[in-house]
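These protein sequence lines map, in sequence, to chains H and L. Counting in this note's numbering, the first sequence runs from 13 upward without gaps. Counting in this note's numbering, the second sequence runs from 655 upward without gaps. Reading through the structure tokens given below for one structure.
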Amino acid sequence: DGGITQSPKYLFRKEGQNVTLSCEQNLNHDAMYWYRQDPGQGLRLIYYSQIVNDFQKGDIAEGYSVSREKKESFPLTVTSAQKNPTAFYLCASSSGWGQETQYFGPGTRLLVL
Amino acid sequence: GESVGLHLPTLSVQEGDNSIINCAYSNSASDYFIWYKQESGKGPQFIIDIRSNMDKRQGQRVTVLLNKTVKHLSLQIAATQPGDSAVYFCAEEPSGYSGGGADGLTFGKGTHLIIQP
Numbered sequence: 013d014g015g016i017t018q019s020p021k022y023l024f025r026k027e028g029q030n031v032t033l034s035c036e037q038n039l040n041h042d043a044m045y046w047y048r049q050d051p052g053q054g055l056r057l058i059y060y061s062q063i064v065n066d067f068q069k070g071d072i073a074e075g076y077s078v079s080r081e082k083k084e085s086f087p088l089t090v091t092s093a094q095k096n097p098t099a100f101y102l103c104a105s106s107s108g109w110g111q112e113t114q115y116f117g118p119g120t121r122l123l124v125l
Numbered sequence: 655g656e657s658v659g660l661h662l663p664t665l666s667v668q669e670g671d672n673s674i675i676n677c678a679y680s681n682s683a684s685d686y687f688i689w690y691k692q693e694s695g696k697g698p699q700f701i702i703d704i705r706s707n708m709d710k711r712q713g714q715r716v717t718v719l720l721n722k723t724v725k726h727l728s729l730q731i732a733a734t735q736p737g738d739s740a741v742y743f744c745a746e747e748p749s750g751y752s753g754g755g756a757d758g759l760t761f762g763k764g765t766h767l768i769i770q771p
């Protein structure tokens with residue numbers, strides 16, 4: 013998985029609960045990304061960060077929040093405002109921004125109880 | 655090839671045969687392309703990339719072909735092995751992307767490669 017770790021592997025969320033997915037990379041990459049993957053679908057961008065202390069909304073940011081306080085860490089919080097959170101969440105990183113290969117972590121599967 | 659439907663297209667090949675997975679892209683401004691392999695329950699794994707100034711690039715047992723005229727990308731896998739069974743995604747990125755907004759890599763829905771013994 014190229015030096016990118018995600019935890020936990022499986023996560024269960026109760027109604028109205030916020031949950032946080034961890035993503036850490038030791039590749040010294042500047043850019044990090046969060047994607048959501050639904051069955052039979054391509055990856056959809058939730059949030060991305062080009063550099064520490066900066067992040068931008070992707071295509072489907074509603075109901076999610078992120079922080080980028082450290083270069084190696086980019087946690088994603090799935091808030092209670094996200095009404096359909098069940099999905100496979102993938103974190104990625106790239107050395108730079110713009111036409112750089114993105115390398116992915118192993119993913120976290122989020123399920124709603 | 656890639657599909658806009660809910661179900662992944664499937665390609666079934668015999669072990670040892672060559673596989674060709676196709677991808678049609680829509681953005682004529684795209685000039686960077688990547689192929690990823692995703693095994694069940696795992697994150698996508700980088701296979702090979704190509705930029706628009708090339709029409710062919712080879713890796714270990716894999717070749718990517720780019721036809722900009724018809725906006726078509728293909729991944730060829732030589733001597734397919736059981737470990738090649740996975741979903742294969744193409745991704746494209748336009749030139750001049752500065753990061754302002756939700757551009758960057760756009761992923762296809764994938765093709766499921768099944769290896770027959």
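For each residue, glycine too, the CB sits at the ideal point set by N, CA and C. Just so you know, these numbers come straight off a predicted model, no measurement behind them.
- A residue is called buried once 16 or more other Cβ atoms fall within 10 Å of its Cβ, and VAL724/L, having fewer, is exposed.
- Burial is judged here by how many other beta carbons sit within 10 angstroms of a residue's own beta carbon; LYS710/L has fewer than 16 and is exposed.
- In the DSSP secondary-structure assignment, THR723/L is not bridged to any residue.
- LEU729/L and THR91/H have their C-alpha atoms spaced approximately 39 Å apart.
- Apart from the 5 residues on each side of it in sequence, ILE704/L sits with its Cβ closer than 6 Å to the Cβ of PHE687, ARG711, VAL718 and LEU720 in its chain, given in chain order.
- Under the Cβ distance rule, TYR679/L does not count among the residues neighbouring chain H, no pair being separated by less than 8 Å.
- Under the 8 Å criterion on CB atoms, TYR101/H is classed as non-interfacial with respect to chain L.
- Not flagged as an interface residue toward chain L: LEU123/H, since no C-beta distance is shorter than 8 Å.
- Residues of the same chain with a CB within less than 8 Å of the CB of GLN62/H, apart from the 5 flanking positions on each side, are ASP42, ALA43, GLN68 and TRP109 in chain order.
- Look at GLN94/H: its C-beta is not under 8 Å from any C-beta on chain L.
- For PRO118/H, at least one C-beta of chain L is nearer than 8 Å to its own C-beta.
- Residue nearest to SER105/H within the set THR32/H, GLY54/H, TYR59/H and ASP71/H is TYR59/H (criterion: CA-CA distance).
- Cβ-Cβ separation between TYR742/L and LYS691/L: approximately 6 Å, consistent with a contact (criterion under 8 Å).
- By the C-beta density criterion, LEU759/L is buried, having at least 16 other C-beta atoms within 10 angstroms.
- A direct Cα-to-Cα measurement between VAL124/H and SER739/L gives close to 30 Å.
- For GLY75/H, no Cβ of chain L is located within less than 8 Å of the residue's own Cβ.
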